[in-house]
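Undergrad: Residue numbers (our numbering): 19 to 104.
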């Protein structure tokens, strides 16, 4: 089961990198991934793993992503926070 989850994270990380290559921001990529894979909304830690694997995000960045998924901050705030930490 763990292998299956690891494969899923790797597959989604590759997809995230492809989105990044066409000019999407990390916040937009998070939104696209949740749109295409709604189960990630209920598993923000998995989304965080995907984004960390794809982009090497810091723990702080991942906390912002989780806060956005949980509705604690807006997409605009997420965009601002991720840009500030780059």
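A virtual CB, placed ideally from N, CA and C, is assigned to each residue, including glycine. Here the structure is a predicted model, which is why all the values come from computation and not from measurement.
1. Determine, using beta-carbon pairs with one atom in the region 70-77 and one in the region 53-61, whether at least three such pairs fall under 8 angstroms.
2. Contact check, residue 34 vs residue 72 under 8 angstroms by CB: the rounded distance?
3. Where does residue 88 sit, in a helix, a strand or coil, going by DSSP?
4. To which residues of the same chain is residue 70 closer than 7 angstroms at the C-beta, ignoring the five residues directly before and after it?
5. Alpha carbon to alpha carbon, how far is residue 99 from residue 85? Give it in angstroms, no decimals.
6. I'd like to know whether the C-beta atoms of residue 87 and residue 30 end up nearer to each other than 7 angstroms.
TA: In this structure, then:
1. no
2. 4 angstroms
3. coil
4. 80
5. 11 angstroms
6. no
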